[in-house]
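Colleague:
In the numbering used here, the protein residues as written are 877 to 2048.
Quick look at the structure:
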């Protein structure tokens, strides 16, 4: 028997451990615990010889019972000649027994019942979805958690007696396959579940952090990671597609559990339970979890459903898009006959039987025939240097030029001439931060040129100074030429798109857009860098995609040239507002001693007049009413025609104030000298493009502090001014230093293709990761995937022969491919114009105000001439102005454009861009060298041979679809306005499109359910609530089947495109017709593939692309016949004999009118008319 001590049980009464007072100690202890002391005491006596007092020997037994039952907790025996002493011995013996079986410890530890800590309301609120999170976590592992709710088992007397303990709820959460099990108590069910959930998540995090997986478990299929309460219902949508209609329902029973209303749910399919029951506080939550646990169970049993679910969810960018009902594709016997004839003819002409994967181009070296500059010989350079020195001497000493010298000397940058020259000459990279009005743009290039002239080597100084916009490049070049007392193209010139006025070779300054320099580096990088002494990148803070790309290109190219011992031009980065540390660190260089040195920088103050800044609070205090008749309102934004922009520079009459409402174009590109007050809203609209979803959005965002500084600087150019910020000082302090770089918010396909062309040895992702602020790898990979899908890149990211051509065209790669296909189908001009227009503002002027917008919309509809196509309207409008230009010259064309709401500036840009594309095609052997001399008709580009089908509306639509796919949509309901695209289910046609029928009341005038349209772009509205398809064209279903995405046949003789768009062929022999369409599509793919293969053999001046190709000639002609016949049959089926009358009525009710004079050219040949 082991006797306990007071030291072992410090909380117990001391009397408990004294054998003489143990019973009293038990009484004291139980009273303290509030428990009844229950004991059985049995005393017996027996006669024994040797009794000291002659009395009997007493034997006493003490059995201690549980306070609430007859359970014996401990017992003891004692014997003594004294009855009292035997009882004391028995009590002490019982104490020793309780000590040995640890019951005494339980009694003393239970002086207070350990109730769970009450969770505060904040924790309960934060963890309100914790149970759902656990189910989602388990589902990602292909498992279902087990939740067990019970009453806790009391372990001590106090717990058994405590009413508070009796009301507790115990929750156990386990995930056996992962070895996780936690149990927690709560004062109610909600608290217990939250406490257990928190413990579970902690345990799960520990396991995940350690990388431990339970023994015997395998990595679950990746599809489980996509299963959660948000997607589980969609799992069943996928499961039921193409199957018999199962009855899927969730049975929910509401009950009271532990004083809290709960909902018990279980999913059943045709009355058979699927997955365990789940319990949640709301019916919605219970239903969601019932779907989830059932989906997990079904996925384990039928993994093929999970695989399809994963594929569909990824295709839908996170949502399962329900497959639209099949489209009826009616094929009449004549169309089928033409289609069969096309196949037979193509095979007879030598159409390949197999489609080959485009290989990597054998030779990706650039054609150097387009070198922009020629290096001067030493003798030429010396002669040029002498001439420049004489000219500089006159500039510095001629009395007649004193005023020019004085003006230049007054600019702050002139006072830093020596510092600029020294810094630039001693470093490859330099940074000049010149405040507004310092003269950095005009003076730094001149300082560098004059420094070379002073050293006697002016003929070796060739400076390129980039500007972010054309208007800046041209206007600055003119100003610098004036400062040098010379005309353009002597020592100063400019080069912008469609307009090159370069200086004489050897000793000059060229102001150009950033894109022009990139193009020159693309075509002839070494030739360009061999001749340049300086590259000045101005307004570098704007960080457009060209500036960021140019910095990476230069950094890599110059490092390579330096390593090879080649000449390296000096690079100067300039801005008025710049994160100097960011750029200095990016262009850091080794110091030769194992360390690095940041690029040096120089800050030059500005020469602006004082600008008084006022923020919103002050402005509101000073607002007064003004006489509105004394103001002239002018607009300034990119869509305003140039002739209207000129209005802002004209002075106003006395007593009239000019108010210019401008976008951020006025920040740097345009300087209006008489501006004295700038009112800044603090906002700007910025385009954001999601590379993965292919959705762009024009978002209204807060400007950066750099933007604010630029805007404020507009007010103090010629006199004192005021800057009114319509936001608080606190808002200004919270603004970002600079805006989001364009490289992080733009489509990267052109950039990735340019990287692959210029730096074939570098992985695209690795190259772009070297940008000053690199784009997300996810966006880069999405762009690369798109380039692979159009066969510009091979699977290992090598450039194909097609990709080599696309990299040289100044259009988006997918549209460049469309242009090449235009040559294949002898339909070049419309493809040139459509691709050129994609990069420009709309051809049609968008008026301000309801009346102006209605007039512009009416004009577009008249050009469409009953054709449900914005693209055909654009082509018709362009042709109309081109014919006016041909007949009446620029003034007549301008008048015609103004009359019909056509933006003449946009027309000229589209025309120039189309010519540029055609010239590029010619330079690289895709068109005949004398292409432009063979141009026959206004609006047409190239010889007749490549424009034979340029008037075929059906073919134009098909080829446009081939360029913009997957930009295809199907109307969900005739009465509604929602359309389904490959990746979205709720797109709408933009109100500016002639196909927008959202406001039409008459059902008969709306586009039918199942109508197909192709669109140029998908953009999100400013409020982010809706998606709009811009510039749409209605398509015949056969157009989509032949020129859309990948086509295959299902097991039900239905054609399916890319898993989302189905075609139900209606013909007398369905099986034959369906297979014939599929075979025609395969043949078309093989023909185009053969054409792209032929690009590898093109040699400029030797062999023209597809010159006398019998397969292409025969097959393209036959396909055109098929399209014509199918279109005519479609119209006849849809509308019957009164098609013309009904379509005309519908068109005129929407604001259309009769065809215009001069609009009856080839554009409308064999077209179909507006639907009902």
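In this text, a Cβ means the ideal position worked out from N, Cα and C, and glycines have one as well.
Report back the beta-carbon spacing between residue 1902 and residue 1864 to the nearest angstrom; my notes put them in contact at under 8 angstroms.
Modeller: Here residue 1902 is taken as the residue at index 1026 of the chain shown, counted from 1. Here residue 1864 is taken as the residue at index 988 of the chain shown, counted from 1. Right, the Cβ-Cβ distance comes to about 6 angstroms (below 8 angstroms), so this counts as a contact.
Colleague: Taking all protein chains shown into account, do 16 or more other C-beta atoms lie within 10 angstroms of the C-beta of residue 948, making it buried, or fewer, making it exposed?
Modeller: Here residue 948 is taken as the residue at index 72 of the chain shown, counted from 1. Exposed, by the Cβ-count rule.
Colleague: Is the stretch 1013-1028 in contact with the stretch 1098-1107, if contact means three or more CB pairs nearer than 8 angstroms?
Modeller: yes
Colleague: How many angstroms separate the CA atom of residue 1458 from the CA atom of residue 1785?
Modeller: Mapped onto the chain shown, residue 1458 falls at position 582. Mapped onto the chain shown, residue 1785 falls at position 909. When rounded, the distance between both Cα atoms is 37 angstroms.
Colleague: As a quick exercise: from 1797, 1315, 1642, 1633, pick the residue whose alpha carbon is nearest that of residue 1707.
Modeller: Your numbering for residue 1707 matches position 831 in the chain shown. The shortest C-alpha separation from residue 1707 is found at 1797.
Colleague: Measuring only the C-alpha atoms, how far is residue 1736 from residue 1223?
Modeller: In the chain shown, counting from the first residue as 1, residue 1736 sits at position 860. In the chain shown, counting from the first residue as 1, residue 1223 sits at position 347. Using only the alpha carbons, I get a separation of about 43 angstroms.
Colleague: Between which two residues does the alpha helix (DSSP H) carrying residue 1589 extend?
Modeller: Your numbering for residue 1589 matches position 713 in the chain shown. Start and end: 1581-1589.
Colleague: Starting from residue 1370, follow the beta strand (DSSP E) in both directions and report where the run begins and ends.
Modeller: In the chain shown, counting from the first residue as 1, residue 1370 sits at position 494. For residue 1370, the enclosing beta strand (DSSP E) covers residues 1368-1372.
Colleague: Could you give the uninterrupted runs of the beta strand (DSSP E) lying entirely in the stretch 1321-1352, keeping only those of 3 residues or more?
Modeller: 1338-1343
Colleague: Could you name the residues of the same chain whose beta carbon sits closer than 8 angstroms to that of residue 1702, not counting the 5 residues immediately before and after it, in chain order?
Modeller: If you number the chain shown from 1, residue 1702 lands on position 826. Sequence-distant partners of residue 1702 (beyond 5 residues in either direction) whose C-beta falls short of 8 angstroms from its own C-beta, in its chain, are 1821, 1822, 1823, 1824, 1825, 1826, 1992.
Colleague: Whole angstroms are fine: how far does the CA of residue 1883 sit from the CA of residue 1777?
Modeller: Counting from one through the chain shown, the residue named residue 1777 turns up at place 901. Counting from one through the chain shown, the residue named residue 1883 turns up at place 1007. The alpha-carbon atoms of residue 1777 and residue 1883 are separated by roughly 26 angstroms.
Colleague: Report the CB separation of residue 927 from residue 933 in whole angstroms; it is logged as a contact under 8 angstroms.
Modeller: Locating residue 927 in the chain shown gives position 51, counting from the first residue. Locating residue 933 in the chain shown gives position 57, counting from the first residue. About 7 angstroms; that satisfies the 8 angstroms criterion.
Colleague: I'd like to know whether the C-beta atoms of residue 1773 and residue 1793 end up nearer to each other than 9 angstroms.
Modeller: Numbered from its first residue, the chain shown carries residue 1773 at position 897. Numbered from its first residue, the chain shown carries residue 1793 at position 917. In this structure, residue 1793 does not lie closer than 9 angstroms to residue 1773 by Cβ.
Colleague: Going by DSSP, name the residue or residues bridged to residue 1128.
Modeller: The sequence position of residue 1128 within the chain shown is 252, counting from 1. Per DSSP, 1141.
Colleague: May I ask which residues mark the beginning and end of the alpha helix (DSSP H) holding residue 1380?
Modeller: Working through the chain shown from its first residue, we reach residue 1380 at position 504. Note, residue 1380: premise wrong, no alpha helix (DSSP H); not H, not E.
Colleague: Taking residue 1694 as part of the alpha helix (DSSP H), name the residues at either end of that continuous run.
Modeller: In the chain shown, counting from the first residue as 1, residue 1694 sits at position 818. Looking at the DSSP string, the run of the alpha helix (DSSP H) that includes residue 1694 is 1689-1700.
Colleague: Excluding sequence positions up to five away, which residues of its chain have a Cβ less than 8 angstroms from the Cβ of residue 1297?
Modeller: On the chain shown, residue 1297 is found 421 positions in, with the first residue counted as 1. Excluding residues within five positions, the ones whose Cβ falls inside 8 angstroms are 1323, 1324, 1327.
Colleague: According to the neighbour-count rule (16 or more other Cβ atoms, all chains shown, within 10 Å of its Cβ), is residue 1369 buried or exposed?
Modeller: Taking the first residue of the chain shown as 1, we reach residue 1369 at position 493. Under this definition residue 1369 is a buried residue.
Colleague: Under the three-state reduction of DSSP, which class applies to residue 1400: helix, strand or coil?
Modeller: As a position in the chain shown, residue 1400 is number 524, starting the count at 1. Coil at residue 1400, not helix or strand.
Colleague: Taking 8 angstroms as the threshold, find out whether the stretch 1591-1598 comes into contact with the stretch 1546-1556 through three or more Cβ pairs.
Modeller: yes
Colleague: With a cut-off of 8 angstroms on the beta carbons, I'd call residue 1933 and residue 1916 a contact; round off their distance for me.
Modeller: By 1-based counting over the chain shown, the position of residue 1933 is 1057. By 1-based counting over the chain shown, the position of residue 1916 is 1040. Rounded to whole angstroms, the Cβ separation of residue 1933 and residue 1916 is 7 angstroms, and the two are in contact under 8 angstroms.
Colleague: Provide the residue(s) that pair with residue 1932 in DSSP beta bridges, ordered along the chain.
Modeller: Along the chain shown, read from residue 1 onward, the residue named residue 1932 stands at position 1056. For residue 1932, which the question treats as bridged, DSSP gives the partners 1924, 1938.
Colleague: For residue 1704 and residue 1695, I'd like the C-alpha separation in whole angstroms.
Modeller: Numbered from 1 along the chain shown, position 828 holds the residue referred to as residue 1704. Numbered from 1 along the chain shown, position 819 holds the residue referred to as residue 1695. Looking at the backbone, the Cα of residue 1704 and that of residue 1695 are separated by about 7 angstroms.
Colleague: Grouping DSSP H, G and I as helix and E and B as strand, with all else coil, what is residue 1788?
Modeller: For the purposes of this step, residue 1788 is identified with residue 912 of the chain shown, where counting begins at 1. Reduced to three states, the DSSP call for residue 1788 is helix.
Colleague: DSSP on residue 1252, reduced to helix/strand/coil?
Modeller: If you number the chain shown from 1, residue 1252 lands on position 376. DSSP places residue 1252 in coil when its eight states are reduced to three.
Colleague: Taking just the CA atoms, how far does residue 1180 sit from residue 1947?
Modeller: The residue you call residue 1947 lines up with position 1071 of the chain shown. The residue you call residue 1180 lines up with position 304 of the chain shown. Whole-angstrom Cα-Cα distance: 28 angstroms.
Colleague: Buried or exposed, going by whether 16 or more other CB atoms sit within 10 Å of the CB of residue 1379?
Modeller: Start at 1 with the first residue of the chain shown, and residue 1379 comes out as number 503. Its Cβ being crowded by 16 or more others within 10 Å, residue 1379 is buried.
Colleague: Between the alpha carbons of residue 956 and residue 905, how many angstroms are there, rounded?
Modeller: Taking the first residue of the chain shown as position 1, residue 956 is located at position 80. Taking the first residue of the chain shown as position 1, residue 905 is located at position 29. Roughly 26 angstroms separates the two Cα atoms.
Colleague: Extract the residue ranges of the alpha helix (DSSP H) inside the stretch 1725-1768, only unbroken runs of 4 or more that lie entirely within it.
Modeller: 1726-1740
Colleague: Where do the N-terminal and C-terminal ends of the alpha helix (DSSP H) with residue 1200 fall, by residue?
Modeller: By 1-based counting over the chain shown, the position of residue 1200 is 324. Per DSSP, residue 1200 belongs to no alpha helix (DSSP H) and is neither H nor E.
Colleague: Given a cut-off of 9 angstroms on the beta-carbon distance, is the pair residue 1628 and residue 1660 in contact?
Modeller: The residue labelled residue 1628 in the question sits at position 752 within the chain shown. The residue labelled residue 1660 in the question sits at position 784 within the chain shown. Taking 9 angstroms as the Cβ cut-off, residue 1628 and residue 1660 qualify as a contacting pair.
Colleague: I need the boundaries of the alpha helix (DSSP H) containing residue 977, first residue and last residue.
Modeller: Taking the chain shown and counting its residues from 1, the one referred to as residue 977 is at position 101. No alpha helix (DSSP H) contains residue 977, which DSSP labels as neither H nor E.
Colleague: Which ranges would you report for the beta strand (DSSP E) in the stretch 1821-1909 if only whole runs of at least 3 residues count?
Modeller: With a minimum length of 3 residues, the continuous beta strand (DSSP E) runs that stay inside the stretch 1821-1909 are 1844-1847, 1863-1865, 1888-1896.
Colleague: For residue 1364, I'd like the list of residues in its chain whose CB is within less than 7 angstroms of its CB, leaving aside the five on either flank, ordered along the chain.
Modeller: Within the chain shown, numbered from 1, the residue matching residue 1364 stands at position 488. Taken in chain order, the residues that qualify are 1353, 1354, 1357, 1377.
Colleague: Taking the continuous beta strand (DSSP E) assigned at residue 1056, which residues delimit it?
Modeller: Within the chain shown, numbered from 1, the residue matching residue 1056 stands at position 180. It spans 1056-1062 - the beta strand (DSSP E) in which residue 1056 sits, taken as one unbroken run.
Colleague: If you count every other CB in all the chains shown that lies within 10 Å of the CB of residue 1313, and 16 or more means buried, which is it?
Modeller: Indexing the chain shown from 1 puts residue 1313 at position 437. Counting Cβ neighbours within 10 Å, residue 1313 comes out buried, since at least 16 surround it.
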